[in-house]
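S.K.:
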Amino acid sequence: MFQRWKESITPTDVVMWMIGGSLMLMVIWGSVATLAAGKYTGRHWIDFLIFGLAQGSIYALIATGYTMVYGVLKMINFAHGEVFMSGPFTAYFVADAMYRTDFLDTHPFIALAVVFIVAMAVSTMIAYFLEKIAYRPLRGAPRLIPLITAIGASFFLQYMFRGLYGSNFQAYPVFKIFEGSWMIFGIRILKFQVVVIVAAIVLMVALYSFIMLTRVGKAIRAVSEDKEASSLMGINVDAMVSTTFVIGGMAAGAAGVLYALMFKQVHFFMGFIPGIKAFTAAVLGGIGNIPGAMLGGIFLGLIESVGPSLFLDGLGIVAPYQLKDAIAFTMLVLVLIFRPTGIMGERLAVKKA
Amino acid sequence: MAMLEIEHLNTYYGHIHALRDVSITVEKGEIVTMIGANGAGKSTMLKTTSGLLRPRTGTIQLEGEELTRLAPHTIVTKGVVQVPEGRRIFGQLTVMENLDMGAFTCRDGGRIQKNLDRVFDLFPRLKERSKQVAGTLSGGEQQMLAMGRALMAEPRLLLLDEPSMGLAPVLVDSIFDTISRLNNAGTTILLVEQNARMALQVASRGYVLQTGQIVLSDSAENLASNEMVRRAYLGE
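Residue numbers (the working numbering), protein chains in the order written: chain G, 5 to 357; chain R, 12 to 247.
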């Protein structure tokens, strides 16, 4: 028994487990030291958690786009971050105009609805044409080719929007009604964070219900499993692929507005980091799995927000918050090494009888 | 007018000439079978008919209506539905969702319900398991689901690709029994089978395919007693 166990372990495994183990030790050591030092109070942790939840629900919305596209086309749409950027960047000009005419303050809800509609419409359009122009002609090409195209499309979109709207950071107008905070269950929470979390949850529930319950949603899942068999059922595979991009684009556009509400600025490059983070979240949750992507996004947001202070502060690292990206990508590497199927990956492994 | 009329069909896989000038007809209400060895082009034949493969030359007509070069999902709406080889059910969807997908082209709730009742009547097993994830069904149940799913699309012509493949002998009998019952209820069937003995029992006519060419075509009884067929495909 022990003999067999010994034979199945390679030196690589040992090294990997050592890396994993030492990271684990570091995390535990850091957490204990941080908590023992008592630098942060309960209030701080709650703030970190809520910020993480808000940030994470944005990642989650973007991640659904990655994961659904992976489902139907088995490709990573690396231009999805730009789909996310295009909506709020365009909507900025609408928001700014409304701000200048005071409409934003007199009719904040209508204004917010307009911003959402513009952003979602633009992102949806970009996603739709991206698939139609850049990916559809390459259907059936070796898998590396659409991947390279996706990276090219990503750059193309970035610099197209830079050309269109300029390379400056644009300050998003502030919705006055979302300033300040509410007391919820005795906890003070910033209003815009509540808005972000609630909006994201509503959107995710809507998206998930669409995929699980509607005729088209079921067809998208069928296409994800077997394109040829789907077409033999009378399902127009191309139309379903387009629909998938449209839904992903809508979610990304909405996520972009929430991001702009939170960070209050837009820029042609703003999609890059959230895009890669959301990709990480999709992998964390198990790529191809929609609830997995949502959970992965929220989990990543939480880790990124709580992690630096909790794990790193106690180790004597100065300004640990600068290292939040390092934590996010270390998570990606660890997942790829130890659980390549992701958190929810096992549910995907249905036996093919 | 014949239900299905295929004339001078030539299909290629890259440079491989998979179907050579194949012409067949299927009359309304018939079961026609195509028998032949592995790689003779039987599946290619069905895939070309259902639109998954495009023929280089030749025509496919359904009751006079041109099907050649239509997309597979359009051909389904014309009433030609294929049960693919290896069943190809959607393993992660439930049994009910699989049947829903079969009814994808139909928007009329009442008709869907009628077809569903018919499928459940034919395969009571599927009704019991309707909420189960299809990937967890046994091989026989999956074949029932694959056929049930196809029936949801109200086929005028049903294309069956190796329905008995990989099934226990008991199940093979029941699948062929179902095929006869479907045919008695009015569905025209084009059946591709390795199990030539069973296929010739249910079919009224048959074609023998060899390296992409039709070498023999006759009534099922005559084929079953043909010397060449007996030696090559019935193992006698």
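Quick reminder that beta carbons are idealized off the backbone N, C-alpha and C, glycines included. Values in this document were obtained by computation on a predicted structure and should not be read as measured data.
Provide the residue span of the beta strand (DSSP E) that contains R:V226, from first to last.
M.R.: Translated into positions along the second sequence, residue 226 of chain R becomes position 215. Here the beta strand (DSSP E) through R:V226 covers 224–230.
S.K.: Within the continuous alpha helix (DSSP H) that includes R:T85, where are the two ends?
M.R.: Counting from one through the second sequence, the residue named residue 85 of chain R turns up at place 74. Counting along the chain, the alpha helix (DSSP H) containing R:T85 begins and ends at 83–88.
S.K.: For the stretch 62–96 of chain R, which residues have a beta carbon sitting closer than 9 Å to at least one beta carbon of chain G?
M.R.: Within the stretch 62–96 of chain R, the qualifying residues are G62, L63, A82, P83, H84, T85, I86, V87, T88, V92, Q93, V94, P95.
S.K.: Tell me which residue opens and which closes the beta strand (DSSP E) that R:G217 is part of.
M.R.: The residue labelled residue 217 of chain R in the question sits at position 206 within the second sequence. Start and end: 216–221.
S.K.: Residues of chain R with CB closer than 9 Å to the CB of G:G69, please, in chain order.
M.R.: Residue mapping note: residue 69 of chain G aligns to position 65 of the first sequence, counting from 1. Residues of chain R passing the Cβ test: none, with the nearest at roughly 20 Å.
S.K.: If you check the beta carbons only, do G:G318 and G:G46 fall under 7 Å apart?
M.R.: Sequence index remark: in the first sequence, residue 318 of chain G carries index 314 (1-based). Sequence index remark: in the first sequence, residue 46 of chain G carries index 42 (1-based). The answer is no: Cβ separation not under 7 Å.
S.K.: Taking C-alpha atoms, which residue in G:F333, G:L327, G:I277, G:A83 lies nearest to G:A131?
M.R.: Residue 131 of chain G sits at position 127 when you count from the first residue of the first sequence. Measuring from the Cα of G:A131, the nearest candidate turns out to be G:A83.
S.K.: Going along the chain, which residues of the stretch 113–135 of chain G sit with their C-beta nearer than 8 Å to a C-beta in chain R?
M.R.: Under the 8 Å Cβ criterion, the stretch 113–135 of chain G contributes no residue.
S.K.: Determine the burial state of R:G120: buried for a count of at least 16 other Cβ atoms within 10 Å of its Cβ, exposed for fewer.
M.R.: For the purposes of this step, residue 120 of chain R is identified with residue 109 of the second sequence, where counting begins at 1. When all chains shown are included, R:G120 counts as exposed.
S.K.: Which runs of the beta strand (DSSP E), 3 residues or longer, sit entirely within the stretch 119–201 of chain G?
M.R.: List check, beta strand (DSSP E) in window: 185–188, 191–194.
S.K.: Tell me which residues share the same chain as G:A353 and place their Cβ nearer than 8 Å to its Cβ, disregarding the 5 neighbours each side in the sequence.
M.R.: For this step, residue 353 of chain G is matched to residue 349 along the first sequence. Residue confidence for G:A353 is low, a pLDDT of 43 falling below 50, so the modelled location carries little weight; the figure read from the coordinates is stated next. Contacts found: T345.
S.K.: Over what stretch of residues does the beta strand (DSSP E) that includes R:R31 continue unbroken?
M.R.: Locating residue 31 of chain R in the second sequence gives position 20, counting from the first residue. 27–37 is the extent of the beta strand (DSSP E) around R:R31.
S.K.: How is the beta strand (DSSP E) around G:H48 delimited, first residue to last?
M.R.: For this step, residue 48 of chain G is matched to residue 44 along the first sequence. Counting along the chain, G:H48 falls outside any beta strand (DSSP E), though it belongs to the alpha helix (DSSP H) covering 46–77.
S.K.: Please confirm if the stretch 54–73 of chain R is in contact with the stretch 203–220 of chain G, defined as three or more CB-CB distances below 8 Å between the two stretches.
M.R.: No contact exists between the stretch 54–73 of chain R and the stretch 203–220 of chain G.
S.K.: Consider the Cβ of G:S235: report whether some Cβ of chain R lies at a distance smaller than 7 Å.
M.R.: Within the first sequence, residue 235 of chain G is the residue found at index 231, counting from 1. Yes, because at least one Cβ of chain R sits closer than 7 Å to the Cβ of G:S235.
S.K.: Apply the 10 Å Cβ neighbour rule to R:N195 and answer buried if 16 or more other Cβ atoms are within range, or exposed otherwise.
M.R.: Looking up residue 195 of chain R in the second sequence gives position 184. Classification of R:N195: exposed, given that the 10 Å Cβ count is below 16.
S.K.: Just to confirm my understanding: we take G:G52, look at its own chain, exclude 5 residues before and 5 after, and list those with CB closer than 7 Å. What are they?
M.R.: Your numbering for residue 52 of chain G matches position 48 in the first sequence. It should be noted that the sequence gives Phe, not Gly, for residue 52 of chain G. Once the five neighbours on either side are set aside, the close Cβ partners of G:F52 are S309, V310, S313.
S.K.: Where do the N-terminal and C-terminal ends of the beta strand (DSSP E) with R:L199 fall, by residue?
M.R.: Sequence index remark: in the second sequence, residue 199 of chain R carries index 188 (1-based). The amino acid occupying residue 199 of chain R in the given sequence is Thr; Leu does not appear at that position. 199–204 is the span of the beta strand (DSSP E), which, as asked, contains R:T199.
S.K.: Which two residues bound the contiguous alpha helix (DSSP H) that contains R:G151?
M.R.: Residue 151 of chain R sits at position 140 when you count from the first residue of the second sequence. Element bounds for R:G151: 150–162.
S.K.: Looking at R:R99: is its Cβ nearer than 7 Å to the Cβ of G:A233?
M.R.: Within the second sequence, residue 99 of chain R is the residue found at index 88, counting from 1. Within the first sequence, residue 233 of chain G is the residue found at index 229, counting from 1. In contact: R:R99 and G:A233 (Cβ atoms closer than 7 Å).
S.K.: Name, please, each residue of chain R whose Cβ falls closer than 7 Å to the Cβ of G:D230.
M.R.: Working through the first sequence from its first residue, we reach residue 230 of chain G at position 226. Near G:D230 (Cβ distances below 7 Å), the residues of chain R are R99, F101.
S.K.: One question on the structure: do R:V226 and R:V219 come within less than 7 Å of each other, judged by their Cβ atoms?
M.R.: Stepping through the second sequence from its first residue, residue 226 of chain R is reached at position 215. Stepping through the second sequence from its first residue, residue 219 of chain R is reached at position 208. It is a contact, given that the beta carbons lie within the stated cut-off.
S.K.: Can you tell me the Cα-Cα spacing of G:F315 and G:G25, whole angstroms?
M.R.: By 1-based counting over the first sequence, the position of residue 315 of chain G is 311. By 1-based counting over the first sequence, the position of residue 25 of chain G is 21. The straight-line gap from Cα to Cα measures roughly 15 Å.
S.K.: Does DSSP classify G:I341 as helix, strand or coil?
M.R.: In the first sequence, the residue the question calls residue 341 of chain G occupies position 337. Looking at G:I341 - three-state DSSP - the assignment turns out to be helix.
S.K.: Considering only C-alpha positions, which residue in the set G:V198, G:E86, G:H271 is nearest to G:S185?
M.R.: Start at 1 with the first residue of the first sequence, and residue 185 of chain G comes out as number 181. Cα-wise, what sits closest to G:S185 is G:V198.
S.K.: Check whether the stretch 327–335 of chain G touches the stretch 279–295 of chain G, counting contact only when three or more Cβ pairs, one atom from each stretch, lie closer than 8 Å.
M.R.: The stretch 327–335 of chain G vs the stretch 279–295 of chain G: in contact.
S.K.: CA-CA distance, G:Y169 and G:G252?
M.R.: Taking the first sequence and counting its residues from 1, the one referred to as residue 169 of chain G is at position 165. Taking the first sequence and counting its residues from 1, the one referred to as residue 252 of chain G is at position 248. If I take the Cα positions, the gap works out to 24 Å.
S.K.: Does the beta-carbon of R:V240 have 16 or more other beta-carbons within 10 angstroms, so that it is buried, or is it exposed?
M.R.: On the second sequence, position 229 is the one that residue 240 of chain R refers to. It is buried - the Cβ of R:V240 has at least 16 other Cβ atoms within 10 Å.
S.K.: Would you list, in sequence order, the uninterrupted alpha helix (DSSP H) runs of no fewer than 4 residues that lie entirely inside the stretch 85–116 of chain G?
M.R.: Counting whole runs of 4 or more residues, the stretch 85–116 of chain G contains the alpha helix (DSSP H) stretches 107–110.
S.K.: Are the C-beta atoms of R:E173 and some chain G residue less than 7 Å apart?
M.R.: Position 162 of the second sequence, counted from the first residue, corresponds to residue 173 of chain R. No, because no Cβ of chain G sits closer than 7 Å to the Cβ of R:E173.
S.K.: Could you work out which residue in G:K328, G:V337, G:G320 is closest to G:A41 when comparing CA atoms only?
M.R.: On the first sequence, residue 41 of chain G is found 37 positions in, with the first residue counted as 1. If we check each option's Cα against that of G:A41, G:G320 comes out closest.
S.K.: Whose CA, out of R:C117, R:V94, R:Q143, R:R242, lies closest to the CA of R:I200?
M.R.: Position 189 of the second sequence holds residue 200 of chain R. Among R:C117, R:V94, R:Q143, R:R242, the Cα nearest to that of R:I200 is on R:V94.
S.K.: Over the uninterrupted alpha helix (DSSP H) stretch that includes R:L211, give me the two end residues.
M.R.: Mapped onto the second sequence, residue 211 of chain R falls at position 200. 207–213 is the span of the alpha helix (DSSP H), which, as asked, contains R:L211.
S.K.: Please report the distance separating the alpha-carbon of G:G75 from that of G:K231.
M.R.: Position 71 of the first sequence, counted from the first residue, corresponds to residue 75 of chain G. Position 227 of the first sequence, counted from the first residue, corresponds to residue 231 of chain G. Near 11 Å, if we compare the C-alpha coordinates of G:K231 and G:G75.
S.K.: Shortest alpha-carbon distance to R:H28 belongs to which of R:R67, R:A114, R:D184, R:M14?
M.R.: By 1-based counting over the second sequence, the position of residue 28 of chain R is 17. Looking at the Cα atoms, R:R67 is the closest of the given residues.
S.K.: Which bits of chain R does G:K222 rub up against, with CB to CB less than 8 Å?
M.R.: Locating residue 222 of chain G in the first sequence gives position 218, where the first residue counts as 1. By Cβ distance, chain R contributes L104, E108, D111, M112.
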